[in-house]
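Some notes on the structure that comes next.
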Amino acid sequence: MPKDVWICIKLIQEPFVFDCSAAEQKPKDPEADNKSDGSEETGSDKILAFSVSSSAKLVALTDDTKRLVLFRCEPSWQVISTRWVVRRCTSLVFTEAEDEVWAADKSGDVYSFSVVEPQKTGELKLGHLSMLLSMTLTPNDKYVVTADRDEKIRVSHLRSPHNIQAFCLGHLEFVSSLLAPPGHPQWLLSGSGDGTMKLWEYESGRRLQSWDLKQLRDMPKSDTEKETRSAVSRIAGSPGGHHVAVQCERVPSVQLFGMEQGTEERLMPSSRLTLPHCPLDLTFDPQGRLWVLLDSRETPFLVYTHTQDSWQCDSESPEMKRVTEALQPHWEALQVSAGLESRFQHLYKGNFDNMASYREKKQQRLQQQKEQGGKKRGPGKGQQSNGASKKAKKGNQPGPVTKASS
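Next comes the structure, spelled out in C-alpha coordinates:
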(Lines of atoms letter the chains of each structure in order from A and count residues from 1; the text may use other names and numbers.)
(Lines give C-alpha, C1' and ligand atoms only; values in the text may rest on other atoms or scores of the structure.)
Protein backbone atom coordinates (compact mmCIF):
# COMPACT_ATOMS: atom_id res chain seq x y z
CA MET A 1 0.00 0.00 0.00
CA PRO A 2 1.64 3.23 -1.09
CA LYS A 3 2.50 6.10 1.21
CA ASP A 4 0.37 7.08 4.22
CA VAL A 5 -3.15 7.60 2.82
CA TRP A 6 -5.76 4.86 2.70
CA ILE A 7 -8.85 5.30 0.53
CA CYS A 8 -11.89 3.03 0.70
CA ILE A 9 -14.71 3.38 -1.80
CA LYS A 10 -17.98 1.55 -1.21
CA LEU A 11 -20.45 1.93 -4.03
CA ILE A 12 -23.30 2.72 -1.64
CA GLN A 13 -21.35 5.31 0.36
CA GLU A 14 -19.19 8.35 -0.14
CA PRO A 15 -15.43 7.63 -0.38
CA PHE A 16 -13.62 7.43 2.95
CA VAL A 17 -10.07 8.78 3.26
CA PHE A 18 -7.85 7.98 6.24
CA ASP A 19 -4.51 9.75 6.65
CA CYS A 20 -2.11 7.83 8.89
CA SER A 21 0.14 10.85 9.34
CA ALA A 22 -2.74 12.61 11.12
CA ALA A 23 -3.76 9.55 13.16
CA GLU A 24 -3.34 8.95 16.87
CA GLN A 25 0.26 8.99 18.05
CA LYS A 26 1.71 6.38 20.37
CA PRO A 27 1.91 7.64 23.97
CA LYS A 28 5.48 8.08 25.15
CA ASP A 29 6.76 5.65 27.76
CA PRO A 30 9.43 7.36 29.93
CA GLU A 31 10.82 4.02 31.13
CA ALA A 32 11.16 2.74 27.57
CA ASP A 33 12.81 6.01 26.51
CA ASN A 34 15.39 5.70 29.29
CA LYS A 35 16.22 2.13 28.29
CA SER A 36 16.31 2.88 24.57
CA ASP A 37 19.72 3.26 22.94
CA GLY A 38 18.27 5.49 20.21
CA SER A 39 18.52 2.76 17.55
CA GLU A 40 14.78 2.08 17.30
CA GLU A 41 13.51 2.64 13.77
CA THR A 42 11.10 5.50 13.19
CA GLY A 43 8.12 5.18 10.89
CA SER A 44 6.95 7.27 7.96
CA ASP A 45 3.25 6.29 8.38
CA LYS A 46 3.45 4.13 5.25
CA ILE A 47 0.64 1.57 5.13
CA LEU A 48 2.04 -1.97 5.04
CA ALA A 49 -1.05 -4.21 5.06
CA PHE A 50 -4.82 -4.16 5.38
CA SER A 51 -7.68 -6.65 5.58
CA VAL A 52 -11.45 -6.62 5.07
CA SER A 53 -13.72 -8.99 7.01
CA SER A 54 -15.86 -11.51 5.13
CA SER A 55 -19.02 -9.45 5.78
CA ALA A 56 -17.23 -6.28 4.57
CA LYS A 57 -18.34 -4.51 7.76
CA LEU A 58 -14.88 -4.37 9.37
CA VAL A 59 -11.52 -3.17 8.06
CA ALA A 60 -8.08 -3.22 9.67
CA LEU A 61 -4.83 -1.62 8.54
CA THR A 62 -1.29 -1.38 9.86
CA ASP A 63 1.54 1.02 9.06
CA ASP A 64 5.29 1.29 9.58
CA THR A 65 4.72 3.39 12.71
CA LYS A 66 3.35 0.13 14.16
CA ARG A 67 -0.28 1.23 14.40
CA LEU A 68 -3.08 -1.29 14.08
CA VAL A 69 -6.27 0.63 13.26
CA LEU A 70 -9.68 -1.06 13.34
CA PHE A 71 -12.63 0.46 11.44
CA ARG A 72 -16.35 -0.18 11.26
CA CYS A 73 -17.83 0.84 7.91
CA GLU A 74 -21.58 0.38 8.52
CA PRO A 75 -23.78 2.32 8.87
CA SER A 76 -20.96 4.88 8.45
CA TRP A 77 -17.17 4.89 8.70
CA GLN A 78 -15.86 4.93 12.25
CA VAL A 79 -12.46 4.28 13.86
CA ILE A 80 -13.09 1.67 16.57
CA SER A 81 -9.59 1.53 18.01
CA THR A 82 -5.93 2.28 17.46
CA ARG A 83 -3.53 -0.23 18.98
CA TRP A 84 0.19 -0.84 18.68
CA VAL A 85 2.06 -3.88 17.43
CA VAL A 86 5.50 -5.02 18.59
CA ARG A 87 7.10 -5.25 15.13
CA ARG A 88 6.13 -3.96 11.72
CA CYS A 89 3.47 -6.22 10.24
CA THR A 90 3.48 -7.88 6.84
CA SER A 91 0.00 -9.45 6.76
CA LEU A 92 -3.42 -9.05 8.41
CA VAL A 93 -6.45 -11.34 8.33
CA PHE A 94 -9.84 -11.45 10.07
CA THR A 95 -11.24 -14.68 11.43
CA GLU A 96 -14.40 -15.92 9.74
CA ALA A 97 -16.27 -15.29 13.00
CA GLU A 98 -14.97 -11.69 12.86
CA ASP A 99 -14.11 -11.77 16.55
CA GLU A 100 -10.33 -11.43 16.01
CA VAL A 101 -7.83 -9.95 13.59
CA TRP A 102 -4.50 -11.77 13.27
CA ALA A 103 -1.28 -9.92 12.50
CA ALA A 104 1.97 -11.47 11.19
CA ASP A 105 5.16 -9.45 11.55
CA LYS A 106 8.63 -9.26 10.04
CA SER A 107 10.27 -11.01 13.00
CA GLY A 108 8.21 -14.16 12.35
CA ASP A 109 5.61 -13.78 15.12
CA VAL A 110 1.81 -13.85 14.85
CA TYR A 111 -0.45 -11.98 17.28
CA SER A 112 -4.23 -12.01 17.63
CA PHE A 113 -6.16 -8.84 18.47
CA SER A 114 -9.71 -8.95 19.80
CA VAL A 115 -12.46 -7.22 17.85
CA VAL A 116 -14.97 -7.66 20.67
CA GLU A 117 -12.59 -5.96 23.13
CA PRO A 118 -11.10 -3.29 20.85
CA GLN A 119 -8.67 -1.88 23.44
CA LYS A 120 -7.18 -5.23 24.46
CA THR A 121 -3.50 -5.73 23.63
CA GLY A 122 -2.39 -8.43 21.22
CA GLU A 123 -1.76 -12.02 22.26
CA LEU A 124 1.22 -13.94 20.86
CA LYS A 125 -0.01 -17.08 19.07
CA LEU A 126 2.90 -18.60 17.14
CA GLY A 127 6.30 -17.86 15.71
CA HIS A 128 8.63 -18.72 12.82
CA LEU A 129 12.40 -18.39 12.76
CA SER A 130 12.13 -16.29 9.60
CA MET A 131 10.25 -13.21 8.39
CA LEU A 132 6.57 -13.90 7.67
CA LEU A 133 5.31 -12.66 4.31
CA SER A 134 1.75 -13.98 4.03
CA MET A 135 -0.99 -15.51 6.14
CA THR A 136 -4.49 -16.87 5.57
CA LEU A 137 -7.18 -18.77 7.46
CA THR A 138 -8.99 -21.84 6.18
CA PRO A 139 -12.81 -22.15 6.15
CA ASN A 140 -14.55 -22.38 9.52
CA ASP A 141 -11.43 -20.96 11.20
CA LYS A 142 -9.92 -24.42 11.55
CA TYR A 143 -6.34 -23.68 10.51
CA VAL A 144 -4.03 -20.69 10.22
CA VAL A 145 -1.57 -20.94 7.33
CA THR A 146 1.65 -18.92 7.49
CA ALA A 147 4.38 -18.49 4.87
CA ASP A 148 7.90 -17.19 5.41
CA ARG A 149 11.06 -16.03 3.69
CA ASP A 150 12.69 -19.47 3.98
CA GLU A 151 10.27 -21.17 1.53
CA LYS A 152 8.18 -22.76 4.31
CA ILE A 153 4.39 -22.94 4.50
CA ARG A 154 3.11 -24.05 7.91
CA VAL A 155 -0.44 -25.24 8.63
CA SER A 156 -1.33 -24.85 12.34
CA HIS A 157 -4.53 -25.37 14.30
CA LEU A 158 -6.07 -21.95 14.88
CA ARG A 159 -7.19 -22.59 18.46
CA SER A 160 -3.96 -24.33 19.45
CA PRO A 161 -1.28 -22.94 17.09
CA HIS A 162 1.50 -24.95 18.78
CA ASN A 163 -0.16 -27.99 17.18
CA ILE A 164 1.21 -28.12 13.62
CA GLN A 165 -0.92 -30.08 11.17
CA ALA A 166 1.45 -30.07 8.17
CA PHE A 167 4.14 -28.30 6.18
CA CYS A 168 3.77 -27.56 2.46
CA LEU A 169 7.32 -27.63 1.07
CA GLY A 170 8.55 -27.28 -2.50
CA HIS A 171 9.13 -23.62 -3.33
CA LEU A 172 12.72 -22.61 -4.08
CA GLU A 173 12.39 -18.99 -2.91
CA PHE A 174 10.36 -17.04 -0.36
CA VAL A 175 6.58 -17.60 -0.31
CA SER A 176 4.94 -14.24 -1.02
CA SER A 177 1.22 -15.00 -1.42
CA LEU A 178 -1.38 -17.45 -0.09
CA LEU A 179 -5.03 -18.11 -0.91
CA ALA A 180 -7.57 -20.60 0.42
CA PRO A 181 -9.78 -20.51 -2.71
CA PRO A 182 -13.53 -20.11 -2.13
CA GLY A 183 -15.58 -23.22 -2.78
CA HIS A 184 -12.65 -25.59 -2.26
CA PRO A 185 -12.17 -26.04 1.50
CA GLN A 186 -9.38 -28.61 1.10
CA TRP A 187 -7.18 -26.52 -1.21
CA LEU A 188 -4.44 -23.96 -0.74
CA LEU A 189 -2.73 -21.87 -3.43
CA SER A 190 0.73 -20.39 -2.90
CA GLY A 191 2.89 -18.02 -4.93
CA SER A 192 6.62 -17.49 -4.59
CA GLY A 193 9.66 -15.50 -5.58
CA ASP A 194 10.65 -18.48 -7.74
CA GLY A 195 7.90 -17.42 -10.18
CA THR A 196 5.67 -20.44 -9.59
CA MET A 197 2.19 -21.00 -8.20
CA LYS A 198 1.43 -24.30 -6.49
CA LEU A 199 -1.80 -26.03 -5.48
CA TRP A 200 -1.79 -28.01 -2.22
CA GLU A 201 -3.98 -30.34 -0.25
CA TYR A 202 -2.94 -28.48 2.88
CA GLU A 203 -4.05 -30.91 5.61
CA SER A 204 -1.62 -33.53 4.32
CA GLY A 205 0.95 -31.13 2.81
CA ARG A 206 0.60 -32.89 -0.56
CA ARG A 207 1.32 -30.88 -3.69
CA LEU A 208 -1.31 -31.37 -6.41
CA GLN A 209 -0.20 -29.03 -9.21
CA SER A 210 2.52 -26.50 -10.04
CA TRP A 211 2.85 -23.86 -12.75
CA ASP A 212 5.83 -21.82 -13.89
CA LEU A 213 4.22 -18.46 -14.67
CA LYS A 214 7.14 -17.32 -16.85
CA GLN A 215 6.52 -20.23 -19.21
CA LEU A 216 2.79 -19.45 -19.31
CA ARG A 217 3.53 -15.87 -20.37
CA ASP A 218 5.44 -17.28 -23.36
CA MET A 219 7.05 -13.93 -24.09
CA PRO A 220 10.27 -13.44 -26.10
CA LYS A 221 13.11 -12.50 -23.78
CA SER A 222 16.31 -10.59 -24.37
CA ASP A 223 19.52 -11.57 -22.60
CA THR A 224 18.91 -9.01 -19.86
CA GLU A 225 15.28 -10.06 -19.39
CA LYS A 226 16.27 -13.68 -18.87
CA GLU A 227 17.77 -12.74 -15.53
CA THR A 228 14.70 -10.76 -14.42
CA ARG A 229 12.91 -12.39 -11.51
CA SER A 230 9.20 -11.75 -11.00
CA ALA A 231 7.65 -12.78 -7.70
CA VAL A 232 3.97 -13.65 -7.37
CA SER A 233 2.54 -10.65 -5.53
CA ARG A 234 -1.19 -11.48 -5.46
CA ILE A 235 -3.52 -14.45 -5.89
CA ALA A 236 -7.29 -13.83 -5.91
CA GLY A 237 -10.24 -16.21 -6.29
CA SER A 238 -13.74 -15.53 -7.62
CA PRO A 239 -16.66 -15.95 -5.18
CA GLY A 240 -17.78 -19.29 -6.62
CA GLY A 241 -14.24 -20.64 -6.86
CA HIS A 242 -14.42 -21.07 -10.65
CA HIS A 243 -11.64 -18.61 -11.48
CA VAL A 244 -8.26 -17.64 -10.05
CA ALA A 245 -6.27 -14.53 -11.03
CA VAL A 246 -2.51 -14.26 -10.47
CA GLN A 247 -0.46 -11.06 -10.49
CA CYS A 248 3.34 -11.00 -10.72
CA GLU A 249 5.35 -8.01 -9.63
CA ARG A 250 6.19 -5.51 -12.39
CA VAL A 251 4.68 -7.70 -15.14
CA PRO A 252 1.99 -5.93 -17.26
CA SER A 253 -0.37 -8.89 -17.44
CA VAL A 254 -2.65 -11.07 -15.32
CA GLN A 255 -2.72 -14.86 -15.62
CA LEU A 256 -6.14 -16.48 -15.22
CA PHE A 257 -6.95 -20.06 -14.31
CA GLY A 258 -10.25 -21.92 -14.59
CA MET A 259 -11.73 -24.97 -12.93
CA GLU A 260 -11.70 -28.07 -15.11
CA GLN A 261 -14.29 -30.69 -14.22
CA GLY A 262 -13.40 -34.34 -14.66
CA THR A 263 -12.72 -37.39 -12.55
CA GLU A 264 -11.17 -34.90 -10.15
CA GLU A 265 -11.24 -31.11 -10.17
CA ARG A 266 -8.15 -29.39 -11.52
CA LEU A 267 -7.07 -25.83 -12.14
CA MET A 268 -5.98 -25.11 -15.69
CA PRO A 269 -4.56 -21.94 -17.31
CA SER A 270 -7.44 -20.34 -19.20
CA SER A 271 -6.29 -16.94 -20.47
CA ARG A 272 -3.87 -14.09 -19.99
CA LEU A 273 -4.91 -10.45 -19.84
CA THR A 274 -2.39 -8.02 -21.34
CA LEU A 275 -2.53 -4.68 -19.51
CA PRO A 276 -1.48 -1.17 -20.61
CA HIS A 277 0.37 -0.67 -17.30
CA CYS A 278 1.75 -2.82 -14.50
CA PRO A 279 -0.91 -3.86 -11.98
CA LEU A 280 -0.63 -2.76 -8.35
CA ASP A 281 -3.41 -5.01 -7.03
CA LEU A 282 -6.42 -7.04 -8.11
CA THR A 283 -9.56 -8.59 -6.66
CA PHE A 284 -12.91 -10.11 -7.58
CA ASP A 285 -16.16 -8.41 -6.54
CA PRO A 286 -19.26 -10.32 -5.31
CA GLN A 287 -20.57 -10.46 -8.91
CA GLY A 288 -17.41 -12.25 -10.07
CA ARG A 289 -15.96 -9.29 -11.98
CA LEU A 290 -12.20 -8.83 -11.88
CA TRP A 291 -10.97 -5.39 -10.77
CA VAL A 292 -7.36 -4.49 -11.58
CA LEU A 293 -5.65 -1.44 -10.05
CA LEU A 294 -3.07 -0.02 -12.47
CA ASP A 295 -0.08 2.25 -12.06
CA SER A 296 -1.72 5.00 -14.12
CA ARG A 297 -3.47 8.17 -13.08
CA GLU A 298 -5.44 8.39 -16.34
CA THR A 299 -6.65 4.78 -16.14
CA PRO A 300 -6.29 3.62 -12.54
CA PHE A 301 -8.80 0.78 -12.88
CA LEU A 302 -9.88 -1.84 -15.39
CA VAL A 303 -12.88 -4.11 -14.84
CA TYR A 304 -13.19 -7.47 -16.61
CA THR A 305 -16.32 -9.59 -16.95
CA HIS A 306 -16.31 -13.29 -17.83
CA THR A 307 -18.61 -14.00 -20.77
CA GLN A 308 -18.79 -17.51 -22.20
CA ASP A 309 -15.13 -18.55 -22.53
CA SER A 310 -13.35 -15.19 -22.41
CA TRP A 311 -12.77 -12.11 -20.27
CA GLN A 312 -13.97 -8.78 -21.66
CA CYS A 313 -13.00 -5.33 -20.41
CA ASP A 314 -16.08 -3.40 -19.29
CA SER A 315 -14.92 0.16 -19.95
CA GLU A 316 -18.46 1.57 -19.64
CA SER A 317 -19.09 0.22 -16.16
CA PRO A 318 -20.74 2.97 -14.05
CA GLU A 319 -19.08 1.54 -10.94
CA MET A 320 -15.64 1.84 -12.50
CA LYS A 321 -16.30 5.45 -13.52
CA ARG A 322 -17.42 6.34 -10.00
CA VAL A 323 -14.41 4.70 -8.38
CA THR A 324 -12.03 6.35 -10.88
CA GLU A 325 -13.53 9.79 -10.24
CA ALA A 326 -13.22 9.29 -6.48
CA LEU A 327 -9.62 8.08 -6.68
CA GLN A 328 -8.07 10.54 -9.13
CA PRO A 329 -8.01 13.58 -6.77
CA HIS A 330 -5.92 11.54 -4.33
CA TRP A 331 -3.65 9.93 -6.90
CA GLU A 332 -0.58 11.98 -6.01
CA ALA A 333 -0.73 10.58 -2.47
CA LEU A 334 -1.21 7.03 -3.71
CA GLN A 335 1.05 6.91 -6.75
CA VAL A 336 3.57 4.15 -6.92
CA SER A 337 6.03 4.11 -9.77
CA ALA A 338 6.59 0.80 -11.53
CA GLY A 339 10.22 1.82 -11.90
CA LEU A 340 10.85 1.79 -8.16
CA GLU A 341 12.90 -0.99 -6.64
CA SER A 342 11.04 -4.24 -6.17
CA ARG A 343 9.62 -4.72 -2.69
CA PHE A 344 10.68 -8.37 -2.90
CA GLN A 345 14.17 -7.87 -4.33
CA HIS A 346 15.95 -7.94 -0.96
CA LEU A 347 14.28 -11.25 -0.07
CA TYR A 348 16.02 -13.35 -2.72
CA LYS A 349 18.80 -15.68 -1.67
CA GLY A 350 22.27 -14.43 -2.55
CA ASN A 351 24.28 -16.35 -5.14
CA PHE A 352 27.98 -16.63 -4.33
CA ASP A 353 30.04 -17.60 -7.39
CA ASN A 354 33.26 -18.80 -5.76
CA MET A 355 34.57 -20.29 -9.01
CA ALA A 356 34.52 -16.93 -10.78
CA SER A 357 36.55 -15.39 -7.97
CA TYR A 358 38.97 -18.34 -8.03
CA ARG A 359 39.51 -18.07 -11.80
CA GLU A 360 40.09 -14.33 -11.57
CA LYS A 361 42.73 -14.73 -8.85
CA LYS A 362 44.39 -17.57 -10.76
CA GLN A 363 44.59 -15.45 -13.90
CA GLN A 364 46.18 -12.61 -11.91
CA ARG A 365 48.73 -15.01 -10.41
CA LEU A 366 49.67 -16.41 -13.83
CA GLN A 367 50.03 -12.90 -15.22
CA GLN A 368 52.36 -11.92 -12.36
CA GLN A 369 54.49 -15.03 -12.90
CA LYS A 370 54.71 -14.26 -16.60
CA GLU A 371 55.84 -10.69 -15.94
CA GLN A 372 58.44 -11.82 -13.39
CA GLY A 373 59.76 -14.47 -15.79
CA GLY A 374 60.37 -11.83 -18.48
CA LYS A 375 62.54 -9.80 -16.11
CA LYS A 376 64.95 -12.70 -15.26
CA ARG A 377 68.49 -12.31 -16.65
CA GLY A 378 70.41 -15.11 -18.27
CA PRO A 379 73.72 -16.44 -16.75
CA GLY A 380 76.40 -13.69 -16.87
CA LYS A 381 80.01 -13.11 -15.71
CA GLY A 382 80.81 -14.80 -12.51
CA GLN A 383 77.61 -16.81 -12.74
CA GLN A 384 77.19 -20.42 -13.59
CA SER A 385 74.30 -22.16 -15.16
CA ASN A 386 72.48 -24.78 -13.18
CA GLY A 387 74.14 -27.55 -15.19
CA ALA A 388 77.69 -26.19 -14.66
CA SER A 389 77.02 -25.71 -11.00
CA LYS A 390 75.95 -29.32 -10.62
CA LYS A 391 79.10 -30.58 -12.42
CA ALA A 392 81.35 -28.45 -10.21
CA LYS A 393 79.75 -29.83 -7.11
CA LYS A 394 80.23 -33.34 -8.41
CA GLY A 395 83.96 -32.73 -9.18
CA ASN A 396 84.67 -31.39 -5.70
CA GLN A 397 83.33 -34.49 -4.00
CA PRO A 398 86.08 -36.82 -2.54
CA GLY A 399 86.72 -40.05 -4.39
CA PRO A 400 86.42 -43.55 -2.89
CA VAL A 401 88.93 -44.35 -0.11
CA THR A 402 91.10 -47.50 -0.63
CA LYS A 403 93.08 -49.19 2.07
CA ALA A 404 96.77 -49.92 1.37
CA SER A 405 97.70 -53.56 1.70
CA SER A 406 100.21 -54.23 4.40
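Each residue of the sequence shown is one higher than the last, beginning at 1 in full-length UniProt numbering. C-beta: ideal position from N, C-alpha, C; glycine also. Just so we're clear, the structure is a prediction, and the values are computed from it rather than from any experiment.
| Check | Outcome |
| --- | --- |
| When DSSP labels each residue in this structure, what does His243 get in the three-state scheme? | strand |
| Can you tell me the Cβ-Cβ gap for Lys91 and Leu126, rounded? I've got them flagged as a contact below 8 Å. | Looking at the sequence itself, residue 91 is Ser, so the reference to Lys does not match. That pair is no contact at about 13 Å. |
| Please specify which runs of the beta strand (DSSP E), each continuous and at least 3 residues long, are wholly inside the stretch 33 to 84, giving them in chain order. | 47 to 52, 58 to 63, 67 to 72 and 78 to 84 |
| What residue range is occupied by the uninterrupted beta strand (DSSP E) comprising Val116? | Where Val116 is concerned, there is no enclosing beta strand (DSSP E), given that its DSSP letter is neither H nor E. |
| Along the chain, where does the beta strand (DSSP E) that runs through Lys209 open and close? | The amino acid at residue 209 is misidentified as Lys; the sequence shows Gln. Residues Arg206 to Asp212. |
| Bridge partners for Trp200 per DSSP, in chain order? | Leu188 and Arg207 |
| Among Glu249, Asp150 and Ser270, which residue has its Cα nearest to the Cα of Phe257? | Ser270 |
| Identify whether Ser342 lies in helix, strand or coil by the three-state DSSP scheme. | coil |
| Rounded to the nearest angstrom, what separates Met135 and Trp291 at their Cα positions? | 22 Å |
| Would you tell me roughly how many angstroms separate the C-alpha atoms of Met268 and Arg250, rounded to the nearest one? | 23 Å |
| Taking 7 Å as the threshold (C-beta atoms), are Gly170 and Phe344 in contact? | no |
| Give the C-beta separation of Asp109 and Leu124 to the nearest angstrom, bearing in mind that I take them to be a contact with Cβ-Cβ under 8 Å. | 6 Å |
| Assuming Pro252 is part of the beta strand (DSSP E), what are its boundary residues? | First-last for Pro252: undefined, no H or E at that position. |
| Quick one: what's got a C-beta closer than 6 Å to Lys120's C-beta in the same chain, skipping five residues either side? | Ser114 |
| Would you identify the three-state DSSP class for Glu260, choosing helix, strand or coil? | strand |
| So, with DSSP's three-state summary, where would you put Asp285? | coil |
| Can you look up Asp309 in the DSSP assignment and give me helix, strand or coil? | coil |
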